[in-house]
Structures are given as C-alpha cells and as structure tokens.
Amino acid sequence: MSVKRPITTLLCDVGGVMLTNGWDRQARAEAAKRFGLDAAETDERHHLTFDAYEEGKLSLDEYLDRTVFYAPRAFDKATFRDFMLSRSAPLSDMLAYVRGLKARHGIRIVVVNNEGRELNEYRIRAFGLGCFVDAFVSSCFVGMRKPDAGIFRLALDVAQCDPADAVYIDDRALFVEVAATLGVRGVVHRDAASTARELEAMGGFAAVCLGGEG
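Set out below in structure tokens:
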C-alpha cells in the first residue's frame, strides 16, 4: 500500500495536458494538405530533424529549411510559421485546474516538456503559462529531452524538492515511468477530472514555505 504524502511540487508536461500538442502528426498532415507538401517526405525529414530542434541545437528557421524549404515554395516561412503557431490551443479544464492549484495551495509548479524554443516561447506567452509556472525545464532550454532521466533530475534540483514530495503529470506513460525511477509519483493524464481525483488520493497538497527563518 502506497504511503500518502502531500504534494508540494507539481512537475507537469504541456502538450496533451495543459495545451494541445502544437506540432504533432495531425498538425503536420494538415500542413501538408494546406501547403501542397509531400506528406511522407516532410514527415521523414521531420523525424530526422526534430530532436535536434527540441534540444535547442537548431532554430525554427533551420528546422524549416531542412523539412519544408529545401525546395522552392509558393509560400514564405512567415506564412508557414503562422500556421504552425495556430495549431496550439488551450485544454481549458486542465489549464484552469493547474492554475487553481497554484492559487489555492501555493505549491511549486515546474514544467518539464519537450519543445523547440520558438514554439515553446510562443506557447508560454500566448497562454499565460508564466503567470503560474515557477520554472520551465524545457528541452530547448536545457539541452536534453524526455525520456532522459536527467531532465527530471534537473527539474527536482531547480525546484529544490525531495522526489517524494513531487508528482509528475504527462499523457505519455513512458515518461511517467521514467520519473518514477527517481522516486517521483506520477499520473498518466487522460482528463482534468480523473487527474484531479488521482492527485487528491495521493495526499492532497501542501504549500511551499517561501520564507527563511527571520
């Protein structure tokens, strides 16, 4: 039987949890149709290139040069970038729930996500994530990606959190399993209501003490 312990730190993914996946298979298929691209060729080039973009080793312009603009196009990069950004949308129930946890309980919230820099920065600004997230341990900022356990170690260091006091939320079970190897409890996210029930069942929440001894 697992021991209940209040959660002081929430480690949380973004795509598939608080926002839609910004540039996933469906979005790329829509782009291929909209812009008249060879879908198979574009997808192959994406898979050969995207890891480097997510790790901050390529800019969005460089990613697009390799995946779309390796041949003359009837549209420009700005038009294609705008389409990419338009694929991002809030998952309103979960976004409101996580924001509410911060307001009600004063817990730390640390994003741990795989995302390229320009897409990540847009999503942070456009959906107000910086208003309630304490730190962004994003692949493009730290140079490593999930499922590397190192990104979770770094998140715990940044949060100055005992793994036993943290919970990680992701819609991908593998990443939750990797965090668990470090002693971090996890929730495989399906919807806001079920995630909320699982978190409460773990022992509820405890505010982080932000002040030192006077």
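For what it's worth, my numbering labels the leading residue of the sequence shown as 1, then goes sequentially. All C-beta atoms, glycine included, are put in the ideal place defined by N, C-alpha and C. Just so it is clear, the structure is predicted and the values come from calculations on it, not from any experiment.
_Among A29, G130, R5 and I151, the one whose alpha carbon lies nearest that of S138_ = I151
_CB-CB length for P6 against G204, believed under 8 Å_ = 5 Å
*Inspect the CB distances between the region 90-97 and the region 17-26 and report whether three or more fall short of 8 Å.*
yes
*If we ignore side chains and look at the alpha-carbon of each, how far apart do R45 and D76 end up?*
19 Å
*asked:* For C131, count the other beta carbons within 10 Å of its own beta carbon; 16 or more makes it buried, fewer makes it exposed. Which is it?
replied: exposed
*Compare the C-alpha of E41 against each of A126, R28 and G143 and name the closest.*
R28
*V184 versus L156 - alpha carbon distance*: 9 Å
*Buried or exposed for R108, please, with buried defined as at least 16 other CB atoms from any protein chain shown within 10 angstroms of its CB.*
buried
_Span separating the alpha-carbon of D82 from that of D65_ = 16 Å
*Might you give, ordered along the chain, the residues of its own chain that have their beta carbon closer than 8 Å to the beta carbon of D38, omitting 5 neighbours on each side?*
A32
*asked:* Cutting at 8 Å between CB atoms, please list the residues of its own chain near L182, excluding the five before and the five after it.
replied: A149, F152, R153, L156 and P163
*Minimum C-alpha distance to D170 - residue among V112, T9 and V208*: V112
*Please work out which residues of its chain come closer than 6 Å, Cβ to Cβ, to L85, disregarding the five sequence neighbours upstream and downstream, and give them in chain order.*
Y122
_Sequence-distant residues of its chain with Cβ nearer than 7 Å to L48 (five each side left out)_ = none
_Can you list, in chain order, the residues of its chain with a C-beta nearer than 8 Å to that of F127? Leave out the 5 residues immediately preceding and following it._
M18, L19, S88, P90 and L95
_Pairwise C-alpha distance: F80 and D61_ = 11 Å
_Option nearest F50 by Cα separation, candidates A71, E118 and A103_ = E118
*Pick out the complete beta strand (DSSP E) segments inside the region 27-76, 3 residues or longer, and give them in chain order.*
none
*With a Cβ-Cβ cutoff of 7 Å, do A206 and V188 count as a contact?*
no
*Using CA coordinates, which residue listed in Y53, D13, V98 and V158 is at the minimum distance from C140?*
Y53
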